[in-house]
Amino acid sequence: MSLRFIGQSRYCDNSLRCHLGRMPSECYHFKIQTVARPSRTILDEIKKVWVEEAGAPTDNDGADRQARWEGAINVQKNVELSAAEQKGLADMSSENTIKTLRDICRRVQQDIEDVLEARGYAGRVQFNPKLKEQGLLDVSTVKIAAVESIGEDTKLDASLQTKADRKAPKGMAATPM
1 MSLRFIGQSR
11 YCDNSLRCHL
21 GRMPSECYHF
31 KIQTVARPSR
41 TILDEIKKVW
51 VEEAGAPTDN
61 DGADRQARWE
71 GAINVQKNVE
81 LSAAEQKGLA
91 DMSSENTIKT
101 LRDICRRVQQ
111 DIEDVLEARG
121 YAGRVQFNPK
131 LKEQGLLDVS
141 TVKIAAVESI
151 GEDTKLDASL
161 QTKADRKAPK
171 GMAATPM
């Protein structure tokens, strides 16, 4: 197994769910490092140590592979289409194009769910239905109401955080194959 991707996330549960939905055949193991007071220096140092331990991640290339880990699946670009699907997209009718895009997204969603079920994944990966009309397939994330502080017994209400705290990344997650 080789390291595929190193990313940063405030909410690791949401990120892991997204990785499973976007790259199910590449996402098998993960490593999380929590950081109480994140800074760019600390996060870069953690990334450097992980790269030294496991080698350079193949999908942190700043191009298509990294975009697949970090963003929605564009079914027109990243999915092999059948002849009927290609014909449906070539039709000039916007209504037919939207219907075809939704159908392609449903097919890809079913493929992803089948892969996860075959691997024994017991969780539920719910996809955002609003993006399907645009030909995008992405996992719906759960909104987090409060941020738990790491290593302490207190919970900090998100409304009490400073603006800088809300923007700062909270941890890193690596997903090797």
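Sequential numbering of the sequence shown, starting at 1, is according to the UniProt record's numbering.
Beta carbons are placed, not taken as given, at the ideal position from N, Cα and C, and that holds for glycine.
So residue i packs on residue j, CB below 8 Å; how close in whole Å?
| i | j | result |
| --- | --- | --- |
| Glu85 | Thr100 | 6 Å |
| Asp69 | Gly7 | Note that residue 69 is Trp in the sequence shown here, rather than Asp. At roughly 7 Å, the Cβ-Cβ gap stays under 8 Å, so Trp69 and Gly7 are in contact. |
| residue 183 | Thr141 | The question about residue 183 has no answer here: the residues shown for the chain are numbered 1 through 177. |
Where residue i and residue j are concerned, what is the direct C-alpha to C-alpha distance, given to the nearest angstrom?
| i | j | result |
| --- | --- | --- |
| Gly135 | Met23 | 17 Å |
| Gln109 | Val139 | 10 Å |
| Gly77 | Asp64 | The sequence shown places Lys at residue 77, rather than the Gly named in the question. Each residue's Cα considered, the two are about 10 Å apart. |
| Glu53 | Gly88 | 48 Å |
| Pro57 | Val35 | 21 Å |
| Glu45 | Tyr11 | 20 Å |
| Leu81 | Trp50 | 37 Å |
| Gln126 | Thr41 | 35 Å |
| Cys27 | Ala90 | 33 Å |
| Ile112 | Ala67 | 18 Å |
| Leu131 | Arg119 | 26 Å |
| His29 | Cys18 | 14 Å |
| Ser93 | Ala72 | 24 Å |
| Glu117 | Arg107 | 15 Å |
Which residues does DSSP pair with residue i in a beta bridge?
| i | result |
| --- | --- |
| Leu89 | Answer is none; Leu89 lacks a bridge partner. |
| Val139 | Phe127 |
Determine the DSSP secondary structure at residue i, reduced to helix, strand or coil.
| i | result |
| --- | --- |
| Leu81 | coil |
| Ser15 | helix |
| Asn74 | strand |
| Thr100 | helix |
| Gly62 | coil |
| Ser9 | strand |
| Ser94 | helix |
| Cys105 | helix |
| Ala56 | coil |
Would you call residue i buried or exposed, if buried means 16 or more other Cβ atoms sit within 10 Å of its Cβ?
| i | result |
| --- | --- |
| Ser129 | Strictly speaking, residue 129 in this sequence is Pro, with Ser absent from that position. Flag for Pro129 reads exposed. |
| Lys48 | exposed |
| Arg4 | buried |
Please confirm if residue i has its CB atom under 8 Å from at least one CB of chain B.
| i | result |
| --- | --- |
| Lys47 | The structure shown contains no chain B, having only a single protein chain. |
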